[in-house]
Amino acid sequence: MENDFQNNLVLDKLPELSDEKKKILENQNSRMVSEFHAKKLEIQALKNWDLFYKRNETKFFKDRLWTTREFEELLDKEQTNTCEKKIMLEVGCGVGNLIFPLIAEKCNNYFIYACDFSPRAIDFVRSNELYDPDNMKAFTCDITTEDIFNEIIPESLDIVTMIFVLSAIHPNNFQQVAHTLYKLLKPNGLLMFRDYARYDMAQLRFKAGNKIGENFYVRQDGTRSYFFSLDETKSMFENVGFDVLKNNFIERRTINKKENINVQRWFLQGKYRKPNSPKTLCKPAPYSTDPEAIAEREACDYSQRINVDMARNGNCPRKVRVYTDGIYDLFHQGHARQMMQAKNVFPNSQVYLIIGCCSDELTHSLKGRTVMTDVERYEAIRHCRYVDEIIRDAPWKISDEFMEKYKIDFVAQDSTPYVSNGCDDVYKEIKEKGCFVATERTEGVSTSGIVARIVKDYDLYVRRNLQRGYTAKELNVSFLNEKKFRLQNKIDEMKHKGKKVIDDVKGDFIQKWEEKSNEFIRTFLMLFGRDNLSQIWDKSKGRIKDVIRPRSSSRGSTSSNENFDSSQTDSPPPKRFARAKHYSITSDESDEETFETASGFPSISFKIPSP
1 MENDFQNNLV LDKLPELSDE KKKILENQNS RMVSEFHAKK LEIQALKNWD LFYKRNETKF
61 FKDRLWTTRE FEELLDKEQT NTCEKKIMLE VGCGVGNLIF PLIAEKCNNY FIYACDFSPR
121 AIDFVRSNEL YDPDNMKAFT CDITTEDIFN EIIPESLDIV TMIFVLSAIH PNNFQQVAHT
181 LYKLLKPNGL LMFRDYARYD MAQLRFKAGN KIGENFYVRQ DGTRSYFFSL DETKSMFENV
241 GFDVLKNNFI ERRTINKKEN INVQRWFLQG KYRKPNSPKT LCKPAPYSTD PEAIAEREAC
301 DYSQRINVDM ARNGNCPRKV RVYTDGIYDL FHQGHARQMM QAKNVFPNSQ VYLIIGCCSD
361 ELTHSLKGRT VMTDVERYEA IRHCRYVDEI IRDAPWKISD EFMEKYKIDF VAQDSTPYVS
421 NGCDDVYKEI KEKGCFVATE RTEGVSTSGI VARIVKDYDL YVRRNLQRGY TAKELNVSFL
481 NEKKFRLQNK IDEMKHKGKK VIDDVKGDFI QKWEEKSNEF IRTFLMLFGR DNLSQIWDKS
541 KGRIKDVIRP RSSSRGSTSS NENFDSSQTD SPPPKRFARA KHYSITSDES DEETFETASG
601 FPSISFKIPS P
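Residue numbers (the working numbering): 1 to 611.
Encoded structure:
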């Protein structure tokens, strides 16, 4: 039965488990739900919840009369007298055990969206006498997908409530649900959360044969339940951008005097706010010794072994822990691509990527000197987006003890055998065990290649940095080399200036030529005009052709226009005057115009025919 929550005990840490409870949890591992049955439960989740509401109708869950006391923001005291309504979403509304008590308390300043996985549950909500289509909308939705965006636009909600809902969803989908709710909320919007805590009475009641995965169980009716830790919920909501306002364990007692029941219960309750401006997630991946990594490792049930087929098909009861290692000197795109491939090696499963990086001492003894120190290499790796955890001072060869310690399922590397220290392939044993998955090497990119390029262009880098103001001492350059580099810089500077002057002069000359040409053409067209020129040419070209065409005449004719003496009529004119005759083009109305030829040649006069 539901009780008053005002006097509940709020804790940041659960008390130690008794030996009896530890034994109960150990016994649950003796017989796990089969992989086939676990997959079937996921497929039939909708059917099982719909059957649940068919059997129980509205009688199973009691109204949550405590919500406004636990989440005072639901009362909306600041805006109860305003006309503007806030918009609220209840995820997993069931038959309305939260929203209808809220309406009964006269919290009328909301437009309420209510969604549930079960169509039958939504039918019960719509049939409730308090259901008002003008102020609320109930609809079916799978919150693990983006179907909800067909009903609600992003960044439109002021408040989202999710009470005992996330635990019924497969853990692989938790992050997707958190991301969806983050997108739906307005800046400064609130998410209010309550669900089952780790080691609650409900978890301890499960017997062998009910456990699907770590802290994940199936009930007799086929519905499922997960039990959360504080670190899990904090990490889950922070990873998508929420600010954590509250994140605590709640202790309460279930009391039924009639049946003589007085049982301790543990729930996890939180309030999370979407920041006013988008949060840039800049937190680097943790080291293996950090609390986040330790908590993740302890939460992994390594007794549930995962094979390649399970990982590829997405039938894993937990995250797949993939490990890859290297030196990662001068961290470059080849390293990043290797990590990306390792992170995505099983696209149908949730992969937790662990990176191992060898120390300076081990690397220098087996491979050679590095440019970066081990601390610098560790820091470079942990800021790669694909990395979930860093193991410092990683071993050169992976042992069974190392795999067990860090609960590693698979090792990802390129398939080419890695020969080192007298060993044909340091990954040979891993491959034989079936724990090796291959990635592809990025050809043409390597730390050695980058170093070779730096050495090749060393002089250019030094000269450039000298120009920037670095001293020879800072660049580790000798006195003579410094003078040589500075002289080369001066010569290059003079060459550049000379080329610039030539280019400027050439450019000015071309520009002025273009300007004069344009001015001449413009003036010519202004004087004659395109139409006038065409008209003159069309009417004159025929007359001009007739005039300048050579005339045929008999020898000794008295009418000759040739400009030679009569004594020379019997002989052809000199060659130098053959093309320099005097032509007259007459016109009835115009005076003759004479155009002088070059010096020593007869003039040629034209009369332009009138139109």
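Even glycine gets a Cβ: it sits at the ideal position worked out from N, Cα and C.
It should be emphasised that the depicted structure is a prediction, and the values quoted were computed from it without experimental measurement.
Rounded separation between residue i and residue j - CA only
{"i": "S156", "j": "I390", "result": "39 Å"}
{"i": "R543", "j": "F509", "result": "43 Å"}
{"i": "E35", "j": "L330", "result": "43 Å"}
{"i": "E73", "j": "D123", "result": "28 Å"}
{"i": "F206", "j": "V419", "result": "50 Å"}
{"i": "I212", "j": "K39", "result": "10 Å"}
{"i": "P15", "j": "K21", "result": "12 Å"}
{"i": "N135", "j": "Y110", "result": "7 Å"}
{"i": "Y196", "j": "Q264", "result": "13 Å"}
{"i": "F139", "j": "A114", "result": "6 Å"}
{"i": "R453", "j": "M340", "result": "25 Å"}
{"i": "E440", "j": "T370", "result": "24 Å"}
{"i": "M88", "j": "T67", "result": "14 Å"}
{"i": "V477", "j": "N465", "result": "11 Å"}
{"i": "S167", "j": "E42", "result": "13 Å"}
{"i": "H179", "j": "N315", "result": "23 Å"}
{"i": "D116", "j": "K186", "result": "22 Å"}
{"i": "N489", "j": "N481", "result": "12 Å"}
{"i": "L25", "j": "V451", "result": "55 Å"}
{"i": "F402", "j": "L46", "result": "41 Å"}
{"i": "Y378", "j": "I355", "result": "10 Å"}
{"i": "P171", "j": "D19", "result": "28 Å"}
{"i": "E515", "j": "G507", "result": "12 Å"}
{"i": "M494", "j": "V455", "result": "27 Å"}
{"i": "K512", "j": "S448", "result": "55 Å"}
{"i": "K367", "j": "G422", "result": "12 Å"}
{"i": "M1", "j": "D200", "result": "Any reading at M1 needs caution, since the residue's pLDDT is 36, under 50, leaving its predicted position unreliable; the model's value is listed next. Rounded to the nearest angstrom, the two C-alpha atoms are 16 Å apart."}
{"i": "V244", "j": "V308", "result": "37 Å"}
Beta-carbon proximity of residue i to residue j, cut-off 8 Å
{"i": "A311", "j": "S349", "result": "yes"}
{"i": "D63", "j": "N97", "result": "yes"}
{"i": "D360", "j": "T373", "result": "yes"}
{"i": "S229", "j": "R198", "result": "yes"}
{"i": "V177", "j": "T223", "result": "no"}
{"i": "L353", "j": "A336", "result": "no"}
{"i": "S118", "j": "Y53", "result": "yes"}
{"i": "R252", "j": "N262", "result": "no"}
{"i": "F267", "j": "I250", "result": "yes"}
{"i": "K246", "j": "Q269", "result": "yes"}
{"i": "K319", "j": "V351", "result": "yes"}
{"i": "A299", "j": "E404", "result": "no"}
{"i": "R273", "j": "N188", "result": "yes"}
{"i": "D459", "j": "F479", "result": "no"}
Nearest-angstrom Cβ-Cβ length linking residue i and residue j, presumed shorter than 8 Å
{"i": "A208", "j": "Q28", "result": "6 Å"}
{"i": "R194", "j": "F164", "result": "7 Å"}
{"i": "V160", "j": "L181", "result": "5 Å"}
{"i": "H332", "j": "V445", "result": "6 Å"}
{"i": "A293", "j": "R382", "result": "Rounded, the Cβ-Cβ distance is 11 Å, inconsistent with contact."}
{"i": "V10", "j": "N248", "result": "5 Å"}
Proximity winner among the options, relative to residue i (alpha-carbon distances)
{"i": "I676", "options": "T447, K85, V419, E514", "result": "Only positions 1 to 611 of the chain appear in this structure, which leaves residue 676 out of reach."}
{"i": "A394", "options": "G368, P417, T363, D424", "result": "T363"}
{"i": "R321", "options": "A138, Q304, V10", "result": "Q304"}
{"i": "N276", "options": "K506, T254, I354, L190", "result": "L190"}
{"i": "I152", "options": "Q175, K183, K405, K499", "result": "K183"}
{"i": "A380", "options": "K499, Y328, W396, T523", "result": "Y328"}
{"i": "C107", "options": "F71, N48, G92, V91", "result": "F71"}
{"i": "M192", "options": "P284, G92, R468", "result": "G92"}
{"i": "V426", "options": "N150, L480, G326", "result": "G326"}
{"i": "S288", "options": "C357, E376, K257, K274", "result": "C357"}
{"i": "E90", "options": "A293, V125, R120", "result": "V125"}
{"i": "L75", "options": "R463, F61, A104, V95", "result": "A104"}
{"i": "R297", "options": "H383, Y406, P317", "result": "Y406"}
{"i": "D414", "options": "D400, T442, C423", "result": "T442"}
{"i": "N48", "options": "N518, A121, Y470", "result": "A121"}
{"i": "D400", "options": "I502, E429, C384, T416", "result": "E429"}
{"i": "K23", "options": "L204, P317, P101", "result": "L204"}
{"i": "Y323", "options": "N313, V345, K257", "result": "V345"}
Quiz item: Does the segment 231-244 come close enough to the segment 51-63 to have 3 or more Cβ pairs within less than 8 Å?
Solution: Taking a contact to require three or more Cβ pairs closer than 8 Å, the segment 231-244 and the segment 51-63 do not qualify as touching.
Quiz prompt | Stretch-stretch touch, CB-based, cutoff 8 Å, three pairs: the segment 430-445 with the segment 402-410 | solution = Touching, per the Cβ criterion.
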